[in-house]
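Participant: Residue numbers (numbering that gives the first Met the number 0), protein chains in the order written: chain W, 0 to 344; chain B, 0 to 354. Ideal Cβ positions, reconstructed from N, Cα and C, are used throughout, including at glycine. Note that the structure is a prediction, hence the values are computed from the model and not measured. The structure follows.
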Amino acid sequence: MASDGIRLGLIGAGRNTRDRHIPGFQKVDGVEIAAVANRSRESGRTVADQFNIPTVYDNWQDLLEDPSLDAVCIGTWPYMHRTLTMAALDAGKHVLCEARMATSAQEAQEMLDASRERPNLITQIVPSPLTFKIDNLLQEKIAEGYVGEILGVSVQSLGNNFIDQGGPMHWRNDRDLSGFNILNMGIWYEAMIRWVGRATSVASMTKINVSSRKDEDGKLTPVTIPDHVNIIAQLANGAQANMHFSAVTGLSSGDGVWIYGSEGTIHVDGGLNIYGGRRGDDKLSEIPNPEENRAFWRVEEEFCNAIRGLEKITLTPFEVGLHYMEFTEAVTRSAQSGQTVALPL
Amino acid sequence: MENGIIRVGLIGAGANTRLRHIPGLREQEGVEIVAVANRSRASGEAVASEYEIPTVYDNWMELMEDDNIDAVCVGTWPYMHRTLVLAALENGKHVLTEARMAMDAQEAHDMLDASRQFPHLVTQIVPAPQTLQVDRTVQDLISSGHLGEPLALRLRVCDYHGRANRADTFKNTDGPLHWRQNRQLSGYNIMGMGIWYETLMRYVGPATKVMAMTRVFTNQRKDESGILRGVTVPDHVNVLCEFASGVQADLSWSTVTGLQTGTELWIFGSEGTIKLEGPPFDKVLVGKPGDEGLSEHPIPDDKRGKWQVEEQFVNSVRDNAPVTHTPFDVGVQYMEFTESVTRSAQSGQAVYLPL
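Structural data, given as structure tokens:
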């Protein structure tokens, strides 16, 4: 890393990498996106041409052997995150890894352990961006006692479309690629724990309503990742939460969060508008959320600042990734066993 | 049943008996409310003079021994339902008993078994009344395939029982210990859980698997004598269940969800969605693929149900018409569900139904 310049390699250049990370890194002074390795040399070449990346490697092993690279951005599907993160750390490179952190809690634990063996290297998971706009306000309101003691929490992310029978197999439907991750459960849990902290026990039921989908070759393939999930959780703060995720709830009420406290209630609607009411009020009313108080996407800037020793990773460190992967795994374990699963695992 | 007159005795004359059953029975031809036994002779006399009931008994045992009485209406708290129903049947009397059927599933089974030993006597539980206006319409929508295959169900109940102001649904620590909060009187019953499950069964049949977590946020209340008592009946409940029909459901009841003023029930199918909201649950909202949103489904007048509890009871006594709202076997199902919620919350394990 000559004079604070950062030379970055991309492993896997899917949509989020092209839409978010490449433009994000291009905005940071002194960062050069120097190389890319994608699923094929051909697809790597396409990305390289589009974004003026000088070097295309045949595969990730070749990229990690490039001693001129300081850091890598891992944009593959979850099934490769552990392998690539460990290899990158072994090769002495900082790592920004796409969310979902891993396919299981065990993989996430191994990634965290590996990061601790390399305290000189920065490790970061791409954070849940869904609620950046409201995270600060919710944290402030809860800290100032607006809701009093938190008793109940409800989070729902329900699709508005009816069941999609016969749709194509997406990597998110494929357990080999996605592991225990289901729908957008992990990133909603990551968002929720910013406001109300972690769960200590989980009970869940899951359902697969579309039991087979066509893969890339048009072959009908069984689906083992649920498309409907209901969760109850006990939180460390004493509250009881329910969380609901579905891809079969046509014309549903969409996304929403409710935080019920002893003295007040906060509701976030699907457009991330915040409503609140306190004991004695007769209804919820909108709580202003000033523009200047809203967090925003600065993932690549944070990563580079951390490499330069200017800040610590807060969104999202591997420890938090492990928390949401443990929750994620607990949901499937509970659904499979019919037992409440205690956290941490 | 002399001269075609049905003589009814009241055991326990609480709010629902006075508001619903006495007027309801009086509307029926050939029915006389002839006697009452309440918690004390004095309270029985107060009811008797207000409603012109000729005989007051000191206790329910004396009322049961009155050979002139054909039927009894049991309006006590749940802890007495089993005892009173069994005694009434043994004394040859038809029984209409207040909901919740019993304290637990075992008691409900005892009552069902007893009713089967006396097939000539009518046994009926006061039904879940909140959705009577729309039940038939929802049933028709589902059975006519409007929903396609029912996939998922959501119920969120804000329990504002006893609140002066429906907007004030925050955690309430002031109130005295109510019989609904007293496990010795209410058993496994929690808030309006049993009657809502009874409603869900009308739409999607019985559940086969239950997982639950419950909380008692207000864990001490003063009883009638001002002494602080521990509370063990939950005031916040989350339940997950699978129904035999393949539907997966999330259900919640709470007394601590401030400013959540209403209750919502959603049924999601492969081809359509149904939503009920209330109270008063007098409309059915529906939507299908391609729709912009939900819209109101018209309910023909002849499909709009209403409270007919006493009429149905009297018709059954007179003509042996089958009881539909609500027979004891359905009561057993909701008591099994009710018990499974507490069992699952206590054990951290899924409970499979029937028990």
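1. With the cut-off set at 7 angstroms, would you say B/E44 and B/V33 are in Cβ contact?
2. Suppose the cutoff is 8 angstroms on Cβ atoms and the five residues either side in sequence are ignored; what does the same chain contact list for W/V345 look like?
3. Going by DSSP in three states, W/S284 sits in which element: helix, strand or coil?
4. Would you mind stating whether B/T260 and W/G249 have Cβ atoms separated by less than 7 angstroms?
5. Do you know offhand how far B/V316's Cα is from B/V94's?
6. Any C-beta of chain B sitting closer than 7 angstroms to the C-beta of W/V195?
7. Quick one: residues in its chain with C-beta nearer than 8 angstroms to the C-beta of B/E291, no 5 flanking neighbours on either side, listed in chain order?
8. In chain order, what residues of the same chain have a beta carbon less than 6 angstroms from the beta carbon of B/K170, not counting five sequence neighbours either side?
9. Using the Cβ count rule (16 or more neighbours within 10 Å means buried), how would you classify W/G4?
10. Let me know the alpha helix (DSSP H) ranges lying completely inside the stretch 44 to 127 of chain W, each 4 residues or longer, listed in chain order.
11. Within this structure, are the beta carbons of W/E299 and W/F24 separated by less than 7 angstroms?
12. Rounding to the nearest angstrom, what Cα-Cα distance links W/H322 and W/P343 in this structure?
13. Since B/S42 is in the alpha helix (DSSP H), which residue starts that stretch and which ends it?
14. May I ask which residues mark the beginning and end of the alpha helix (DSSP H) holding B/H108?
15. Out of W/V55, W/V267, W/L234, W/T16, which one is the CA nearest neighbour of W/T130?
16. Could you tell me whether the stretch 174 to 187 of chain W touches the stretch 304 to 316 of chain W, where touching means 3 or more Cβ pairs closer than 8 angstroms?
17. Note down, in chain order, every chain B residue with its Cβ under 7 angstroms from the Cβ of W/L250.
18. Quick one: measure Cβ to Cβ for B/F336 and B/V209, integer angstroms, because I've assumed they're closer than 8 angstroms.
19. Pick helix, strand or coil for B/E295, following the three-state DSSP scheme.
20. Run the CB neighbour count on B/P22, radius 10 Å, all protein chains shown included, and call it buried at 16 or more, exposed below.
21. Ignore the nearest five residues each way along the sequence and tell me which others in W/A1's own chain have a CB closer than 8 angstroms to its CB.
22. Can you tell me where the beta strand (DSSP E) with B/W252 in it begins and where it stops?
23. Which one of W/R212, W/R297, W/G196, W/L157 has the shortest CA to CA distance from W/G253?
24. If you draw a straight line from the C-alpha of B/Y333 to the C-alpha of W/W76, how long is it?
25. Should the stretch 134 to 143 of chain B be regarded as contacting the stretch 288 to 304 of chain B, the criterion being three or more beta carbon pairs within less than 8 angstroms?
26. Taking the C-alpha atoms as reference points, what is the distance between W/F326 and B/M63?
27. Taking the alpha-carbon positions, what's the W/T220 to W/Y78 distance?
28. I need the DSSP call for W/T130, collapsed to helix, strand or coil.
29. Say whether chain W places a C-beta atom closer than 7 angstroms to the C-beta of B/M210.
30. Among B/F327, B/V322, B/V329, B/N314, which one has its Cα closest to the Cα of B/E26?
Facilitator: For this structure:
1. The residue labelled residue 44 of chain B in the question sits at position 45 within the second sequence. The residue labelled residue 33 of chain B in the question sits at position 34 within the second sequence. Their beta carbons are not under 7 angstroms apart, which means B/E44 does not touch B/V33 by this criterion.
2. Nothing about residue 345 of chain W can be reported from this structure: the residues present for chain W run from 0 to 344 only.
3. Along the first sequence, one-based indexing puts residue 284 of chain W at 285. Strand.
4. One-based indexing of the second sequence puts residue 260 of chain B at position 261. One-based indexing of the first sequence puts residue 249 of chain W at position 250. For B/T260 and W/G249, no; Cβs fall outside 7 angstroms.
5. Within the second sequence, residue 316 of chain B is the residue found at index 317, counting from 1. Within the second sequence, residue 94 of chain B is the residue found at index 95, counting from 1. Looking at the two C-alpha atoms, the distance is approximately 10 angstroms.
6. For the purposes of this step, residue 195 of chain W is taken as the residue at position 196 of the first sequence. No, because no Cβ of chain B sits closer than 7 angstroms to the Cβ of W/V195.
7. Counting from one through the second sequence, the residue named residue 291 of chain B turns up at place 292. Nothing meets the Cβ criterion.
8. Stepping through the second sequence from its first residue, residue 170 of chain B is reached at position 171. The residues are F216, V255.
9. Counting from one through the first sequence, the residue named residue 4 of chain W turns up at place 5. Classification for W/G4: exposed.
10. 59 to 63, 80 to 89, 104 to 116
11. For this step, residue 299 of chain W is matched to residue 300 along the first sequence. For this step, residue 24 of chain W is matched to residue 25 along the first sequence. A contact, by the Cβ cut-off of 7 angstroms.
12. Taking the first sequence and counting its residues from 1, the one referred to as residue 322 of chain W is at position 323. Taking the first sequence and counting its residues from 1, the one referred to as residue 343 of chain W is at position 344. Each residue's alpha carbon lies about 8 angstroms from the other.
13. Locating residue 42 of chain B in the second sequence gives position 43, where the first residue counts as 1. Segment 40 to 50, the alpha helix (DSSP H) holding B/S42.
14. In the second sequence, residue 108 of chain B corresponds to position 109, counting from 1. 104 to 116 is the span of the alpha helix (DSSP H), which, as asked, contains B/H108.
15. The sequence position of residue 130 of chain W within the first sequence is 131, counting from 1. Closest option to W/T130, Cα to Cα, is W/V267.
16. no
17. As a working mapping, residue 250 of chain W is identified with position 251 in the first sequence. Under the 7 angstroms cutoff, chain B gives T272, G286, D290, G292, L293.
18. The sequence position of residue 336 of chain B within the second sequence is 337, counting from 1. The sequence position of residue 209 of chain B within the second sequence is 210, counting from 1. Right, their Cβ atoms sit about 7 angstroms apart.
19. Taking the first residue of the second sequence as position 1, residue 295 of chain B is located at position 296. Strand at B/E295.
20. Position 23 of the second sequence, counting from 1, holds the residue named residue 22 of chain B. It is exposed - the Cβ of B/P22 has fewer than 16 other Cβ atoms within 10 Å.
21. As a position in the first sequence, residue 1 of chain W is number 2, starting the count at 1. Caution is warranted here: a pLDDT of 46 is assigned to W/A1, below 50, making its placement in the model unreliable, and no coordinate value can be reported.
22. Here residue 252 of chain B refers to the residue found at position 253 of the second sequence. First-last of the beta strand (DSSP E) with B/W252: 247 to 253.
23. Your numbering for residue 253 of chain W matches position 254 in the first sequence. Checking every option, the nearest Cα to that of W/G253 belongs to W/L157.
24. Counting from 1 along the second sequence, the entry for residue 333 of chain B is found at position 334. Counting from 1 along the first sequence, the entry for residue 76 of chain W is found at position 77. B/Y333 and W/W76 have their C-alpha atoms roughly 46 angstroms apart.
25. yes
26. Counted from its first residue, the first sequence places residue 326 of chain W at position 327. Counted from its first residue, the second sequence places residue 63 of chain B at position 64. One C-alpha to the other measures close to 58 angstroms.
27. In the first sequence, the residue the question calls residue 220 of chain W occupies position 221. In the first sequence, the residue the question calls residue 78 of chain W occupies position 79. So the alpha carbons of these two residues sit roughly 18 angstroms apart.
28. As a working mapping, residue 130 of chain W is identified with position 131 in the first sequence. Correct three-state label for W/T130: coil.
29. Residue numbering aside, residue 210 of chain B sits at position 211 when the second sequence is read from its first letter. It does: the Cβ of B/M210 has a partner Cβ on chain W nearer than 7 angstroms.
30. Stepping through the second sequence from its first residue, residue 26 of chain B is reached at position 27. Closest option to B/E26, Cα to Cα, is B/N314.
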